[in-house]
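Trainee: Heads up, the sequence shown is in the UniProt record's numbering, so the first residue is 1 and it goes up one at a time.
First, the structure itself, so that you have it in front of you.
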Amino acid sequence: MPCLGGVRESSNEDIRHREPVMLNIYDLSTSNDYTFPLGVGVFHSGVQMYGREYAFLAINLSIHPRNGQEELGEHFRFRKSILLGYTNFTCAEVKRVI
């Protein structure tokens with residue numbers, strides 16, 4: 001259910017449901033190819049809900065998920081997503097918190 005534009009199934013932004021909360025992890029260095037198997041590396045992460053990803057890079061940032069190279073720069077390479085759990089916050093509540 002998109003909340004930041006696009007086609008909406010309902011005009012009621014406060015519809016409640018369990019929304020997945022994903023942690024998206026990006027490599028910040030090509031050396032991670034060698035150090036990741038050892039359990040170390042240089043990473044960036046963002047939290048994804050309602051089709052948007054939120055991160056902090058000296059400013060609050062909202063990007064399209066998994067689009068790090070295009071929106072964050074050439075040094076960001078998507079590695080993986082991890083399901084953190086679910087939120088019962090509506091899209092409008094998430095936007096207010098962010």
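Backbone N, C-alpha and C define an ideal beta-carbon position, used for all residues, glycine too.
Checking the sheet assignment: what are the DSSP bridge partners for Val94?
Mentor: As a working mapping, residue 94 is identified with position 94 in the sequence shown. Per DSSP, none; premise fails for Val94.
Trainee: Straight-line CA distance for Leu23 to Thr35?
Mentor: Within the sequence shown, numbered from 1, the residue matching residue 23 stands at position 23. Within the sequence shown, numbered from 1, the residue matching residue 35 stands at position 35. So the two alpha carbons sit approximately 21 Å from each other.
Trainee: Does DSSP classify Tyr86 as helix, strand or coil?
Mentor: The sequence position of residue 86 within the sequence shown is 86, counting from 1. Here Tyr86 sits in strand by DSSP.
Trainee: Using the C-alpha atoms, what's the distance from Arg18 back to Asn32?
Mentor: As a working mapping, residue 32 is identified with position 32 in the sequence shown. As a working mapping, residue 18 is identified with position 18 in the sequence shown. Roughly 34 Å separates the two Cα atoms.
Trainee: Under a three-way DSSP split, which group does Tyr50 fall into?
Mentor: As a first step, residue 50 is located in the sequence shown; it is residue number 50 there, counting from the start. Correct three-state label for Tyr50: coil.
Trainee: Just reading off the beta strand (DSSP E) that Leu23 is part of, what are its end residues?
Mentor: For this step, residue 23 is matched to residue 23 along the sequence shown. Taken as a continuous stretch (DSSP letters only), the beta strand (DSSP E) holding Leu23 covers 19 to 27.
Trainee: Are the beta-carbon atoms belonging to Gly39 and Asp27 less than 8 Å from one another?
Mentor: Counting from one through the sequence shown, the residue named residue 39 turns up at place 39. Counting from one through the sequence shown, the residue named residue 27 turns up at place 27. Going by C-beta atoms, Gly39 is not nearer than 8 Å to Asp27.
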